[in-house]
């Protein structure tokens, strides 16, 4: 299926995203979604339009995700930033890092922001409340809710 429709799916994603790596990610996610839905495929219908629709939806989701993600040029990041200099020691540690990132990305945007500020920037609840201009209680409840969900989603890593 990839051999026959890979270029189509990539082209649909690239047209919407305009970025090679994001388009490759969208292509991969499209075929994964298609594989998971393969039981519902009607063999009498053409796969191209169905895959193009999935690719379009996946690309839109990726675009939205990237638009929410704050970005900074690499030269604006301090050279001692752990994200730039620390490498997991093993394949298992790399897997764990990706599992944590996946779990954080699955959180609602407001909860993600609190977790990132708390753990990646080292801010206190009060500092987060001040930066986000929200009540301290809101930050505490978002943090509690996010950590509860992360504990559930990542319990297998203990």
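In my numbering, the protein residues as written are 3 to 160.
For each residue, glycine too, the CB sits at the ideal point set by N, CA and C.
Please confirm whether residue i and residue j have their CB atoms less than 8 Å apart.
i	j	result
residue 49	residue 7	yes
residue 144	residue 112	yes
residue 156	residue 102	yes
residue 127	residue 138	yes
Thinking residue i and residue j are a contact (beta carbons under 8 Å), I'd like their distance in whole angstroms, please.
i	j	result
residue 117	residue 54	Not confirmed; about 35 Å, so no contact.
residue 114	residue 130	The Cβ separation is near 12 Å, so there is no contact.
residue 24	residue 64	6 Å
residue 57	residue 39	Contact flag wrong, Cβ pair sits at about 13 Å.
How many Å lie between residue i and residue j at the Cα?
i	j	result
residue 37	residue 11	14 Å
residue 133	residue 9	45 Å
residue 70	residue 62	13 Å
residue 31	residue 21	15 Å
residue 26	residue 123	30 Å
Among residues of its own chain, excluding the 5 on either side of residue i, which ones have a beta-carbon nearer than 6 Å to its beta-carbon?
i	result
residue 152	105
residue 60	28, 31 and 32
Near residue i, which residues of its chain fall below 8 Å by C-beta distance, leaving aside the five closest residues on each side in sequence?
i	result
residue 125	119 and 133
Excluding five sequence neighbours on each side, which residues of the same chain lie with their C-beta closer than 7 Å to the C-beta of residue i?
i	result
residue 66	none
residue 147	113
residue 47	none
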